[in-house]
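Residue numbers (full-length UniProt numbering): 1 to 637. These notes are about the structure you will find just below.
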């Protein structure tokens with residue numbers, strides 16, 4: 001858009017510079033007196049008159065203000081001064097002519113530079129627009145390729161199928177013709193009146209309204225490009241626009257005879273099938289003598305009006321052409337477009353008529369499966385960014401964000417999932433992946449904790465094998481070393497959700513070893529051993545409390561998972577409501593568009609009937625007048 005605005009500004013500068021040239025010439029003329037003008041015309045009798053401006057680049061000549069009084073008196077006074085000093089006047093005239101020629105040379109160079117800049121800006125705009133995601137289908141080339149590969153001459157049937165394919169696959173259809181939009185040109189566009197035989201909207205007849213009333217929902221916009229246009233855009237003595245010219249050409253004839261109906265059929269189909277009809281006219285690019293060398297000619301030799309019209313045409317196409325959509329106004333991407341082409345061509349080759357509904361249903365199944373795959377891949381990729389092990393609350397928080405992103409991605413790419421069949425598959429897939437990640441998080445946590453409890457008690461194992469704990473007072477040393485292992489274990493970060501469970505299993509495993517060390521410690525008295533026994537019992541109770549706490553943690557874990565499921569359900573419901581609202585808005589706009597064009601069609605039909613009624617009333621009036629005269633004539637005699 002920015003390039004287009006810049007190109008328009010350059011064009012305005014070009015036109016302003018043309019105005020400056022016109023003003024300069026007028027000012028130069030006013031600066032000379034009447035005798036000087038006569039002498040100048042005598043010295044240059046062969047100077048041609050300035051050419052008329054091109055109609056498409058007509059310049060508005062601004063009036064030159066009258067010269068100030070201080071710059072000289074009236075023409076009589078100026079004439080007297082020139083007559084009195086001929087030599088001085090000639091020198092001034094030569095100097096003025098030289099200055100004028102130099103100024104004109106500079107203006108000419110400036111105009112050429114700005115003209116070239118305008119062309120460069122124009123092609124920059126086109127280059128920028130062509131880099132967008134767009135696809136250009138040329139039906140004439142496609143027809144030639146098919147005829148060459150099939151080794152068959154062109155025929156009307158193939159051309160009708162190619163035209164039908166172009167209509168089904170495009171979002172903006174450009175039809176080219178030469179000369180004018182007359183009945184002969186309409187007859188060449190007979191494919192339009194045969195579209196109902198080559199395209200079906202619904203699979204079964206009787207499903208709602210006829211296909212002809214549904215075409216406007218799915219057909220592209222229509223542009224009629226008239227090449228080598230030679231007429232003037234004038235109707236009934238008044239100038240008309242290109243669109244008004246096309247509208248007048250598509251006007252229906254009143255009457256119901258076979259000839260009138262055959263005349264009106266392509267006109268009516270063109271207006272009824274396509275949501276918009278636009279017209280662009282183009283003059284001949286170069287004179288007829290240069291047509292054969294057109295591809296070799298530089299762009300500067302092309303008709304300026306043709307270049308301006310081409311710029312307008314390209315700007316309209318790139319600004320107004322919308323993305324290709326299917327039923328439900330769902331935008332088509334490259335993969336979907338390829339599937340559409342394959343489905344339509346396969347149907348045509350089988351001898352059947354392409355059905356938009358069937359094709360969209362098959363396309364929706366493929367796209368929804370692809371949307372599920374993409375959403376699950378997105379969820380898995382985002383969850384893999386977690387550095388396991390993590391605490392459960394952090395894992396569920398990450399899961400919620402990733403699930404939201406996966407659902408959003410699915411909603412953007414899925415369509416026609418009215419029963420939420422594919423969304424349910426996605427929910428099940430995400431739940432499975434979440435379960436796998438939870439299990440993986442527990443496994444990683446368990447591995448890390450076991451590795452720590454394998455590494456930290458290594459000095460205790462060495463002391464046990466060296467008999468350090470078999471000496472008097474060895475049990476106290478053993479308990480101190482075990483406490484140091486536990487403290488070191490809790491001092492290590494990122495152990496995950498299995499830290500406490502693995503530690504309890506480790507301590508339970510160490511109890512028989514502690515009892516054996518206690519028995520061989522002869523330094524302890526019976527009273528001290530009794531105290532130690534009480535401490536061991538306390539540790540047992542402490543272990544049981546930890547087990548109860550773990551059970552409570554498991555209950556909390558289940559509660560957190562249940563809350564996460566509720567959150568997941570609410571997120572699915574929220575995004576589903578948003579999608580349904582968006583689809584309802586699309587359907588509303590589609591219905592409003594159809595209603596608008598139906599009202600226009602009814603207005604046109606009403607206008608025809610009004611014209612017919614007026615004609616019938618006029619005929620009745622004439623008949624009544626004739627009858628009255630016939631009855632009055634005998635009385636007069």
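Ideal Cβ positions, reconstructed from N, Cα and C, are used throughout, including at glycine.
Beta-carbon proximity list for residue i, same chain, < 7 Å, skipping 5 on both sides
| i | result |
| --- | --- |
| residue 267 | 186, 250, 252 |
| residue 404 | 571 |
| residue 448 | 389, 495, 496 |
| residue 285 | 294, 302, 303, 306 |
| residue 326 | 332, 360, 363 |
Which of helix, strand or coil DSSP assigns to residue i
| i | result |
| --- | --- |
| residue 468 | helix |
| residue 610 | helix |
| residue 221 | strand |
| residue 339 | helix |
| residue 450 | helix |
| residue 253 | coil |
| residue 638 | Any question about residue 638 goes unanswered here, given that the chain covers just 1 to 637. |
| residue 419 | coil |
| residue 662 | Outside the shown range of the chain, which is 1 to 637, sits residue 662, and nothing can be said about it. |
| residue 321 | coil |
| residue 410 | helix |
| residue 595 | helix |
| residue 492 | coil |
| residue 519 | helix |
| residue 189 | coil |
| residue 497 | coil |
| residue 350 | coil |
| residue 429 | helix |
| residue 457 | coil |
| residue 473 | coil |
| residue 625 | helix |
Residue burial classification, residue i (beta-carbon count within 10 angstroms, cutoff 16)
| i | result |
| --- | --- |
| residue 301 | exposed |
| residue 217 | buried |
| residue 319 | exposed |
| residue 219 | buried |
| residue 95 | exposed |
| residue 207 | Since pLDDT at residue 207 reaches only 48, below the 50 mark, its modelled position is unreliable, and no value is offered. |
| residue 273 | buried |
| residue 453 | buried |
| residue 617 | exposed |
| residue 461 | exposed |
| residue 375 | buried |
| residue 184 | exposed |
| residue 622 | exposed |
| residue 568 | buried |
| residue 657 | Because the chain in this structure spans residues 1 to 637, residue 657 falls outside the shown range and cannot be described. |
| residue 474 | buried |
| residue 620 | exposed |
Residues sharing a beta bridge with residue i, DSSP
| i | result |
| --- | --- |
| residue 330 | 326 |
| residue 281 | 226 |
| residue 178 | 227 |
| residue 234 | 239 |
| residue 173 | 222 |
| residue 355 | 200 |
Close beta carbons around residue i, own chain, < 8 Å, minus the five adjacent residues each side
| i | result |
| --- | --- |
| residue 241 | 233 |
| residue 370 | 335, 413 |
| residue 229 | 179, 180, 281, 282, 283 |
| residue 56 | In this prediction, residue 56 scores a pLDDT of 32, lower than 50, which makes its location untrustworthy; no coordinate-derived value is stated. |
| residue 458 | none |
| residue 399 | 383, 434, 437, 564 |
Contacts around residue i, its chain only, beta-carbon distance under 6 Å, and the 5 residues preceding and following it disregarded
| i | result |
| --- | --- |
| residue 437 | 383 |
| residue 172 | 220, 221, 321 |
| residue 347 | 354 |
| residue 425 | 372 |
| residue 174 | 223, 225 |
| residue 381 | none |
>> Suppose only complete runs of 3+ residues qualify. What are the beta strand (DSSP E) ranges in the region 363-387, listed by chain order?
In response: none
> Fully enclosed by the region 261-311, which beta strand (DSSP E) runs are 3 residues long or longer?
Replying inline: 277-281
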